[in-house]
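In the numbering used here, the protein residues as written are 103 to 260.
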């Protein structure tokens, strides 16, 4: 760790970090999270019988949209041109529930960790929204960065 808080200026006020002098590099980040639910809800999803249709397809689209708009949601994030993104949603019987993962790519002067994390968060919230009528006790959990690469800190993995 040991890095200074880069979102504070010399007088301690919050500001957007100037990344203009940083080199343009290829950057990637992967994040994931889970939504735990009742076994009956999990069964409905697996059988494709949820009242609102294909909840996973809608969650994937929501995650993609969220990643592209991260800079509008997180106050000090820079707008980034995403060059690629993959969103996967996998059933996990051990939860029971779904595991949502997002992998984002860009070539730029700052990383895509926040885009990946925002995509996961909004994808999970979308699943909750589409399933809340049948299972309001669902729990979003374990939203976290798994790995990132590029930039001055290079590769990092959980």
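By construction, the Cβ of each residue, glycine as well, lies at the ideal position given by its N, Cα and C atoms.
>> Using C-beta distances below 8 Å, list every residue in its chain close to residue 207, excluding the 5 sequence neighbours before and after it, in chain order.
In response: Taking the chain shown and counting its residues from 1, the one referred to as residue 207 is at position 105. Closer than 8 Å at Cβ, skipping near neighbours: 128, 129, 130, 184, 185, 186, 187 and 214.
> For residue 232, does the count of other Cβ atoms within 10 angstroms reach 16, so buried, or fall short, so exposed?
Replying inline: Counted from its first residue, the chain shown places residue 232 at position 130. It counts as buried.
>> Give me the residue from 226, 158 and 121 with the minimum Cα distance to residue 253.
In response: To locate residue 253, count along the chain shown from 1; it is residue 151. Per the Cα distances, 121.
> If you pair each beta-carbon of the segment 215 to 234 with each one of the segment 156 to 166, do three or more pairs fall below 8 Å?
Replying inline: Verdict: yes, contact present.
> So, is residue 210 buried or exposed, given that buried needs 16 or more other C-beta atoms within 10 angstroms?
Replying inline: The sequence position of residue 210 within the chain shown is 108, counting from 1. Of the other Cβ atoms in all chains shown, 16 or more fall within 10 Å of the Cβ of residue 210; this residue is therefore buried.
> Starting from residue 187 and walking both ways along the beta strand (DSSP E), at which residues does that stretch end?
Replying inline: The residue labelled residue 187 in the question sits at position 85 within the chain shown. From DSSP, the beta strand (DSSP E) with residue 187 extends over 184 to 194.
>> Among the candidates 200, 182, 247 and 195, whose CA atom is the shortest distance from the CA of residue 99?
In response: Residue 99 is absent from the structure shown; the chain starts at 103 and stops at 260.
>> Could you check whether residue 257 and residue 198 sit closer than 7 Å to each other, using their CB atoms as the reference points?
In response: Sequence index remark: in the chain shown, residue 198 carries index 96 (1-based). Sequence index remark: in the chain shown, residue 257 carries index 155 (1-based). No.
>> Out of 124, 125, 138 and 189, which one is the CA nearest neighbour of residue 242?
In response: Your numbering for residue 242 matches position 140 in the chain shown. Closest option to residue 242, Cα to Cα, is 138.
> Of the residues 151, 246 and 181, which one's Cα is nearest the Cα of residue 142?
Replying inline: Stepping through the chain shown from its first residue, residue 142 is reached at position 40. It is 151 whose Cα lies nearest to the Cα of residue 142.
> Secondary structure at residue 170, three-state DSSP: helix, strand or coil?
Replying inline: The sequence position of residue 170 within the chain shown is 68, counting from 1. Three-state DSSP puts residue 170 in a helix.
> Counting along the chain, where does the beta strand (DSSP E) carrying residue 212 start and finish?
Replying inline: Taking the first residue of the chain shown as 1, we reach residue 212 at position 110. It is not in any beta strand (DSSP E) - residue 212 carries neither H nor E in the DSSP assignment.
>> Bridge partners for residue 243 per DSSP, in chain order?
In response: Here residue 243 is taken as the residue at index 141 of the chain shown, counted from 1. Residue 243 is bridged to 136.
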